[in-house]
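See structure below.
2 protein chains.
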Amino acid sequence: MPSAATVRAKRRTTPAVNPRATHLALALRCVAEQSGEISRAGIAAGTGLNRSTASSLIDELIGGGLVREVGSTARTRAGRPGTALALRPDGPAGLGIDVNVDYTAVCVVDLTGKVRYKHVVAEDQRGHGTREILDRVDRLARGARQAAEADGLDLVGSAVAVPGIVDRAGATVTLAPNLGWRDLDVSDLLPAGAHGERAALDNEANFAALSEAGLLRAGGSYLYVSGQIGVGAGIVLDGELYRGSHGWSGEIGHLTVDRNGPPCPCGRRGCLERYAGHEAILRAAGITDGAGTTFGVRPTADLITERAQAGDPATLAALAEAGAVLGGVLAGCLNLLDVGRLVLGGIYRQLAPWLAPEVEREVAAHFLGAGWASPEVTVSTYGAEAPALGAALSVVRTIVADPLRWLTR
Amino acid sequence: MPSAATVRAKRRTTPAVNPRATHLALALRCVAEQSGEISRAGIAAGTGLNRSTASSLIDELIGGGLVREVGSTARTRAGRPGTALALRPDGPAGLGIDVNVDYTAVCVVDLTGKVRYKHVVAEDQRGHGTREILDRVDRLARGARQAAEADGLDLVGSAVAVPGIVDRAGATVTLAPNLGWRDLDVSDLLPAGAHGERAALDNEANFAALSEAGLLRAGGSYLYVSGQIGVGAGIVLDGELYRGSHGWSGEIGHLTVDRNGPPCPCGRRGCLERYAGHEAILRAAGITDGAGTTFGVRPTADLITERAQAGDPATLAALAEAGAVLGGVLAGCLNLLDVGRLVLGGIYRQLAPWLAPEVEREVAAHFLGAGWASPEVTVSTYGAEAPALGAALSVVRTIVADPLRWLTR
């Protein structure tokens, strides 16, 4: 327990608002939103700052390698054409890695939020040792780094998505039941940034959710539901990830659907993923040949889709049941969280034609506000690459959110 | 859909950060935290601003009636004693009103967050018309206003708690099943502030949750569970209420416990409040004489408590069952939200000796992170007065959070 004097002393060192940091971030955000269409005068108008302040902020961002001049803007209300400004596509970039149960993916995103490289390897990780899994990650990261360097990019940071809960500091995998990881500090084992920065860790559904918000924190507030072997969710509030007190938010896969239900690797019974996880759907649909969820390199979600399209009754029944159970849980999440949109990601994206109507029906039946404003049920923009993309984006989002910290690193 | 040009024009008018607003808020917060112990020099040290800026901010806050000088500070590291500063207890104050199912309460809180007046009237509102309920509210508010005026306070705003969901704008009660209110715009019907400001509306659990955070947004992140006829929850993240996209967050009372369970006034079946609401506990305990939940002016939660203390088996079984069902739902909420603390409020405060152990057991069994960090299960600081107190606090919190807006109103 700190003494009152310590608390007071601490308060005294609380920094006041740093206007330069705030203004640099505002100016950079203006450039990002109006890429190639905005001049220094436009930045002044957009931020409410005076012309000379805006101009010197832009000079600083150009000097720091974040912004470049790209020609002339069209004539605007603000007066004659100016020099158009844009984020640098050859500046700092982020590396995202997704260690999932049945595949590993890497992705490189540049400062403009554009994907510059991606690679996915399907392989079931279960039954492989931690060292073996991390070696595979290393090989993929090396490939991504070579490609990025060849493309003139500076990979300044990396972030790694895992199918489990991660501590808030982003260093330790607290529990990843499907990988058999528990209290595993992987921060030293993962690929670092080009300048030695440690990789940031997070849950795969969190990073997948971030892929939907993009570079500019668009899309408002939503619950992103990621269907994998497990089922996870990422909560995005006003374009920012809500991670919870320990970094464990969104663990809907282990919400109890039925206390007397089938046992779960987490040690409990009747968890949502036993009904709506990838393997649960395969099992219920009677697709049992082959271990795991990839037949060679053929994703089994494709098999489910084909059988559903062909009208296979067992598959349709399995999807209806999974959708109903998932929808019931999501209606409860909406009663608690009240977000305006659900995003179906992971395998649910591909299976949405069969799952979404069931989810909508359950939400209409069980969300208390359904009579006034039904949440949109949408499918994710990205498929299996979403967690790796979101991880890579998280690196560049950090720079865009606080350019001063980047410039003075 | 606005055109790109409209969007651009809008962006141009986005105000830049207003340093004066931010600095006034910082300075006022410093005064509030160190009430009567801090001088102008201390404010400068605490905010990181220079002495003359800090001093002129304080002069502005004194001139605006928010801060007063109260003597001398003790000698500190910052040098010789200065004039001690404190929030004005005779400045603006807030009126909070709680229209609950079986009682109505009013509360006046001054700028320092201190309760200056409170009054609770037990009366079942069910079966009474809206006009009758609002007349009672009006009478109570008039009494509070007279008391506040006699005490030299300026009641600058009022806020009203209702047992239901309220739109985000705080004008319409979307649904209050236990009052029979639906889409009821009450903003013109409720007592206004002394200068005509409209009352702000919110859910009773939200305002009750705010009572726990206090004036200075203390207490971090928690889920406040309010046991009443219904069961509600308020989500507080870093000391601020999280209201959701429509203002409907925290509606845990209608989470489905059993789809085949007893019918609920909301139109669904097996909602949490059918198991853990006040009347459900009374029914399960076999306390059936008397309508509603107050026997005359004697709260029935007292009856439950007495019987539990006397070891009545039916009452103990009813509490164990209610606690187990409540705990199961709360464990699910923790898997989604990951907050570090649960606060048991409303009747759960009084019943905590029997409910809390069951809640803790269910959380340990069903919260995925329970093996690493179990959330604290605490009881609320305030009892039945919590929603009215939180409502009154919400008025003065607004002033403390943004004094410039108040000074230039």
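Residue numbers (our numbering), protein chains in the order written: chain P, 36 to 444; chain C, 36 to 444.
Even glycine gets a Cβ: it sits at the ideal position worked out from N, Cα and C.
Other residues of its chain near residue i: CB distance less than 7 Å, five sequence neighbours each side excluded
i	result
residue 203 of chain C	278, 281 and 282
residue 67 of chain P	122, 250, 251 and 435
residue 233 of chain P	222 and 227
residue 166 of chain P	none
residue 1 of chain C	The structure shown does not extend to residue 1 of chain C, since chain C is modelled only from 36 to 444, so the question has no answer here.
residue 148 of chain P	249, 250, 428 and 431
residue 343 of chain C	350, 351, 354 and 389
residue 173 of chain C	226
N-terminal and C-terminal residue of the alpha helix (DSSP H) that residue i is part of
i	result
residue 413 of chain P	First-last for residue 413 of chain P: 411 to 414, but that is the beta strand (DSSP E), not the alpha helix (DSSP H).
residue 310 of chain C	308 to 311
residue 289 of chain C	Taken as a continuous stretch (DSSP letters only), residue 289 of chain C belongs to no alpha helix (DSSP H), as it is neither H nor E.
residue 64 of chain C	54 to 68
residue 342 of chain C	335 to 344
Proximal residues to residue i (C-beta, below 6 Å), its chain only, five neighbours per side dropped
i	result
residue 404 of chain P	none
residue 445 of chain C	The requested residue 445 of chain C is not part of the displayed model; chain C covers only 36 to 444.
residue 414 of chain C	379, 384 and 387
residue 182 of chain P	152
residue 192 of chain P	129, 228, 232 and 430
residue 358 of chain C	390, 393 and 394
residue 235 of chain C	194 and 205
residue 168 of chain C	160
residue 125 of chain P	187
Enclosing beta strand (DSSP E) for residue i [first to last residue]
i	result
residue 218 of chain P	216 to 220
residue 145 of chain C	138 to 145
residue 154 of chain P	150 to 157
Minimum Cβ-Cβ distance from residue i to chain A less than 7 Å
i	result
residue 438 of chain P	In the structure shown, chain A does not exist; the protein chains are P and C.
Local Cβ density within 10 Å of residue i, reported as buried at 16 or more and exposed below that
i	result
residue 432 of chain C	buried
residue 212 of chain P	buried
residue 64 of chain P	buried
residue 411 of chain P	exposed
residue 273 of chain P	exposed
residue 241 of chain C	buried
residue 326 of chain C	At residue 326 of chain C the pLDDT is 49, less than 50, meaning the model places this residue with poor confidence and gives no usable figure here.
residue 298 of chain P	exposed
residue 220 of chain P	exposed
residue 246 of chain P	buried
residue 170 of chain C	exposed
residue 373 of chain P	buried
residue 302 of chain C	exposed
residue 86 of chain P	exposed
residue 341 of chain P	exposed
residue 69 of chain P	buried
residue 237 of chain C	buried
residue 184 of chain C	exposed
residue 22 of chain P	Because chain P is modelled from 36 through 444, residue 22 of chain P falls outside the range shown and cannot be assessed.
residue 256 of chain P	buried
residue 337 of chain C	exposed
residue 323 of chain P	exposed
Own chain, CB closer than 8 Å to residue i, minus 5 neighbours either side, in chain order
i	result
residue 99 of chain C	438, 441 and 442
residue 294 of chain C	304 and 305
residue 84 of chain C	58, 61, 62, 78 and 92
residue 421 of chain P	242, 243, 246, 247, 261, 380, 381 and 415
residue 312 of chain P	262, 263, 264, 265, 266 and 288
residue 53 of chain C	439
Exercise. Pick out the complete alpha helix (DSSP H) segments inside the segment 78 to 127 of chain P, 4 residues or longer, and give them in chain order.
Key: List check, alpha helix (DSSP H) in window: 86 to 98.
Quiz item: Is the segment 346 to 361 of chain C touching the segment 310 to 323 of chain C, taking contact as three or more C-beta pairs under 8 Å?
Solution: Contact holds: three or more Cβ-Cβ distances are below 8 Å.
Quiz item: Counting pairs of beta carbons, one from the segment 155 to 163 of chain P and one from the segment 394 to 401 of chain P, are three or more of them closer than 8 Å?
Solution: Taking 8 Å as the limit for Cβ pairs, the verdict is that the segment 394 to 401 of chain P does not touch the segment 155 to 163 of chain P.
Self-check item: Those runs of the beta strand (DSSP E) which lie wholly inside the segment 215 to 286 of chain P and span at least 3 residues
Solution: List check, beta strand (DSSP E) in window: 216 to 220, 235 to 238, 257 to 262, 266 to 272 and 275 to 277.
Quiz item: Okay, do the segment 151 to 158 of chain P and the segment 81 to 93 of chain P touch, 3+ Cβ pairs below 8 Å being the bar?
Solution: No, the segment 151 to 158 of chain P does not touch the segment 81 to 93 of chain P.
Exercise. Note down, one range per segment and in chain order, each alpha helix (DSSP H) of at least 4 residues found wholly within the segment 184 to 214 of chain P.
Key: List check, alpha helix (DSSP H) in window: nothing returned.
Quiz item: When the Cβ atoms of the segment 422 to 430 of chain C are set against those of the segment 129 to 138 of chain C, are three or more pairs found closer than 8 Å?
Solution: The segment 422 to 430 of chain C, when compared against the segment 129 to 138 of chain C, does touch it at the 8 Å Cβ threshold.
Quiz prompt | Secondary structure, alpha helix (DSSP H): runs of 4+ residues fully inside the segment 366 to 440 of chain C | solution = Complete alpha helix (DSSP H) runs here, min 4: 382 to 401 and 421 to 436.
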